[in-house]
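Undergrad:
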Amino acid sequence: MCNDKVFVCRCQEVTVEDVKEAIKDGATTVAGVKIRTHAGMGLCQGRSCGKIIARMLSEVESPEKITPGSSRPPARVAKISEFLEVK
Amino acid sequence: MNNKNINDTDVIVIGGGVIGTSIAYNLSKRGKKVTLFEKYDHARGASGSSDQLVLMQSKKPGVHLALALESLKMYKTLEEELGEPIHFRQKGGMILIENEKEMEIMKGFVEKQKKTGLDVDIISLDEVNRLQPGISQDIIGATYSPMDGEVDPIALNIALAKGAKANGTKIVLGTEVKEIITEGKKAIGVETSKGKFYASTIINAAGVWAPLLCEKLGIEAPIKPRRGQICITDEVDYFIDMPILSAKYMMAKHNPDLLKDAPEMIAKLGIGLALSQSPKGNIMFGATREFVGYDKNVTYEGIGEVIRNAVTYFPQLKDMSIIRTMGGLRPFTPDGLPLIGWTEIEGFFMAAGHEGDGIALAPVTGKVVADIIMDGKTFVDMSGFAPNRFSK
Chain A
141 MCNDKVFVCR CQEVTVEDVK EAIKDGATTV AGVKIRTHAG MGLCQGRSCG
191 KIIARMLSEV ESPEKITPGS SRPPARVAKI SEFLEVK
Chain B
2 MNNKNINDTD VIVIGGGVIG TSIAYNLSKR GKKVTLFEKY DHARGASGSS
52 DQLVLMQSKK PGVHLALALE SLKMYKTLEE ELGEPIHFRQ KGGMILIENE
102 KEMEIMKGFV EKQKKTGLDV DIISLDEVNR LQPGISQDII GATYSPMDGE
152 VDPIALNIAL AKGAKANGTK IVLGTEVKEI ITEGKKAIGV ETSKGKFYAS
202 TIINAAGVWA PLLCEKLGIE APIKPRRGQI CITDEVDYFI DMPILSAKYM
252 MAKHNPDLLK DAPEMIAKLG IGLALSQSPK GNIMFGATRE FVGYDKNVTY
302 EGIGEVIRNA VTYFPQLKDM SIIRTMGGLR PFTPDGLPLI GWTEIEGFFM
352 AAGHEGDGIA LAPVTGKVVA DIIMDGKTFV DMSGFAPNRF SK
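Line by line, the protein sequences are chains A and B. Okay, so the first sequence: first residue is 141 according to my numbering, each after it adds one. Okay, so the second sequence: first residue is 2 according to my numbering, each after it adds one.
1) What did DSSP end up calling residue 330 of chain B once you bin it into helix, strand or coil?
2) Who are residue 324 of chain B's beta bridge partners in DSSP?
3) Is residue 272 of chain B closer than 7 angstroms to residue 298 of chain B when the C-beta atoms are compared?
4) Since residue 248 of chain B contacts residue 351 of chain B with CB under 8 angstroms, what's their CB separation in whole angstroms?
5) Report the residues of the region 239 to 258 of chain B with a CB closer than 7 angstroms to any CB of chain A, ordered along the chain.
6) For residue 318 of chain B, decide whether its Cβ has a neighbour in chain A, counting only Cβ atoms nearer than 7 angstroms.
7) Roughly how many angstroms lie between the CA atoms of residue 29 of chain B and residue 193 of chain B, to the nearest whole one?
8) What is the rounded straight-line gap between the Cα of residue 224 of chain A and the Cα of residue 160 of chain A?
9) Residues in the region 163 to 191 of chain B with C-beta within 8 angstroms of chain A's C-beta atoms, listed in sequence order?
10) Is there at least one Cβ from chain A nearer than 7 angstroms to residue 1 of chain B's Cβ?
11) Scan the region 324 to 355 of chain B for residues whose Cβ lies nearer than 9 angstroms to a Cβ of chain A and list them as they occur along the chain.
12) Based on the DSSP output, what are the partners of residue 120 of chain B in its beta bridges?
13) Just checking my contact of residue 187 of chain B with residue 377 of chain B at CB under 8 angstroms: how many whole Å lie between their CB atoms?
14) Counting only runs of 4+ residues fully inside the region 249 to 322 of chain B, write out the alpha helix (DSSP H) ranges in chain order.
15) Take residue 292 of chain B as the anchor and find which of B:281, B:75, B:268, B:175 has the nearest alpha-carbon.
16) How is the alpha helix (DSSP H) around residue 221 of chain A delimited, first residue to last?
17) DSSP three-state label for residue 89 of chain B, please.
18) Shorter than 7 angstroms from the beta carbon of residue 147 of chain A to some beta carbon of chain B?
19) Given this structure, state the Cα-to-Cα distance separating residue 146 of chain B from residue 207 of chain A, to the nearest angstrom.
20) Which residues does DSSP list as the beta-bridge partners of residue 95 of chain B?
21) When we look at the beta-carbon of residue 203 of chain A and count the other beta-carbons within 10 Å, is it buried (16 or more) or exposed?
22) By Cβ distance below 8 angstroms, which residues in the same chain neighbour residue 82 of chain B in space, the five residues on each side in sequence not counted?
23) Going by C-alpha distance, which of B:172, B:290, B:181 is nearest residue 302 of chain B?
24) Roughly how many whole angstroms lie between the Cα atoms of residue 24 of chain B and residue 354 of chain B?
25) Could you check if residue 3 of chain B is buried or exposed, using at least 16 other CB atoms within 10 Å of its CB as the buried criterion?
26) Quick check on residue 375 of chain B: does DSSP put it in helix, strand or coil?
27) Cα separation between residue 191 of chain B and residue 68 of chain B?
28) Any chance the region 161 to 176 of chain B sits against the region 126 to 146 of chain B, with 3 or more Cβ pairs inside 8 angstroms?
29) Output the distance between the C-alpha atoms of residue 199 of chain B and residue 373 of chain B, rounded to the nearest integer angstrom.
30) Do residue 325 of chain B and residue 212 of chain A have their C-beta atoms within less than 7 angstroms of each other?
31) In terms of residues, what are the limits of the beta strand (DSSP E) holding residue 353 of chain B?
32) Hey, residue 91 of chain B and residue 185 of chain B: beta-carbon distance below 7 angstroms or not?
33) Checking the sheet assignment: what are the DSSP bridge partners for residue 188 of chain B?
34) Would you give the residue range spanned by the beta strand (DSSP E) that residue 232 of chain B belongs to?
35) Looking at residue 327 of chain B: is its Cβ nearer than 7 angstroms to the Cβ of residue 231 of chain B?
36) Give me the Cα-Cα distance between residue 174 of chain B and residue 153 of chain B, rounded to the nearest whole angstrom.
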């Protein structure tokens with residue numbers, strides 16, 4: 141079923157092929173794939189694709205060496221007006 | 002084991018950010034055999050946590066601005082040269098002015114910038130509104146330069162690395178350079194987490210980590226990490242037509258003393274507005290300027306103030322959402338200029354300390370370094386960038 145055109149990161153429309161290309165270019169971490177493809181830079185911030193990318197990386201790198209993607213606040217999409225209410 | 006000449010290389014570059022990869026690209030283009038070591042991966046330091054501005058207006062009038070203008074020229078053909086998308090676009094840029102005191106400071110700045118060759122003017126609020134709708138009507142004017150631009154800094158970093166590789170550069174990721182190997186007063190190689198490697202020229206382009214390698218050699222390199230926190234919105238319709246800064250940004254960057262009359266948190270966190278929109282629609286805005294060592298985490302206080310500040314200039318931001326915040330470390334130097342040139346250790350070259358100007362200056366830094374190493378000179382007098390200028 142799997143083909144190279146399947147989306148890994150739906151937010152940024154990054155395909156299996158794009159991720160494979162990033163790994164070929166030297167990415168060994170989820171963050172490395174992110175900078176090369178934009179996977180994980182969209183609305184969900186890699187919460188869905190991060191695991192798939194880590195699994196793909198495990199084919200070339202031993203799993204204990206694969207660092208998870210960086211997770212930065214906010215934990216979910218946050219309205220800017222909400223920050224203004226809290227002093 | 003004797004590892005001498007194990008990798009048959011002329012030059013070792015330390016650091017895989019935009020500066021290191023630009024140097025590797027330029028040297029390899031001119032025929033040098035280059036090996037680049039990077040502790041983690043590309044875009045893991047300042048290059049990957051920057052906004053996307055290629056600003057001329059924020060450079061110090063004089064040789065700093067002259068270098069930036071040369072870099073700008075190079076940007077115009079860089080995408081074609083590298084054959085990779087870097088999304089450079091020159092759309093102009095504005096610095097928003099809130100009061101008469103800021104107006105005086107900016108007028109002085111503009112005058113000096115014009116003398117260095119920058120096309121820049123003070124414009125009225127009406128003109129600001131015409132160029133960029135949505136700005137608060139509480140400002141009294143702005144400076145505008147049609148020469149300012151934007152680029153995707155991460156794409157630039159990757160494209161320079163690919164360009165360097167295509168020219169034969171060996172890029173070694175995930176490999177830490179622990180120290181410089183010397184023989185007397187001469188650098189002859191590097192000790193890395195994967196063994197020793199030798200070359201006659203070693204270039205330190207390790208950004209905020211550059212001084213740590215100098216320390217071990219007894220070389221003074223007063224580069225300090227200066228944290229910047231920025232916010233990124235989700236993708237919204239095209240709204241911001243050019244990079245926008247505030248006059249307070251210029252003060253926070255060049256002379257924080259001028260912020261002493263500003264609200265307490267703005268002065269404390271060194272907040273100035275820098276805002277732009279990516280081709281995909283994300284609006285990025287920042288930033289703080291803080292000395293907190295190597296801590297690049299974002300703080301609730303910092304993000305809160307960055308947001309409050311941005312909303313005073315762009316009230317419409319209130320209705321938008323942020324998907325990500327980011328903290329990064331700019332390599333600050335006491336006089337705002339990078340350290341570019343030979344050190345007192347023969348064969349050991351510095352190219353670090355660009356603070357928030359690394360993206361704008363990356364192309365020209367690569368060229369200048371390659372010129373100095375290959376020809377012993379370049380097109381401008383680089384004595385103001387001498388790495389030993391602080392120890393004199």
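Each residue gets a CB set at the ideal place from its N, CA and C atoms; glycine is no exception.
TA: Working from what's here:
1) strand
2) Partner(s): none; residue 324 of chain B has no beta bridge.
3) no
4) Residue 248 of chain B to residue 351 of chain B, Cβ: 32 angstroms. No contact.
5) none
6) yes
7) 22 angstroms
8) 42 angstroms
9) 163, 172, 174, 175
10) Nothing in the structure corresponds to residue 1 of chain B, since chain B is present only between 2 and 393.
11) 324, 325, 326, 327, 328
12) Looking at the DSSP assignment, residue 120 of chain B forms no beta bridge with any residue, so it has no partner.
13) The Cβ separation is near 18 angstroms, so there is no contact.
14) 265 to 270, 301 to 314
15) B:268
16) 220 to 225
17) coil
18) no
19) 43 angstroms
20) B:145, B:245
21) exposed
22) 164
23) B:290
24) 15 angstroms
25) For residue 3 of chain B, the predicted model reports a pLDDT of 44, less than 50, meaning its position is unreliable; a value from the coordinates is still stated below. By the neighbour-count rule (16 or more Cβ atoms within 10 Å), residue 3 of chain B is not buried but exposed.
26) helix
27) 30 angstroms
28) no
29) 21 angstroms
30) yes
31) 349 to 353
32) no
33) B:183
34) 225 to 236
35) yes
36) 21 angstroms
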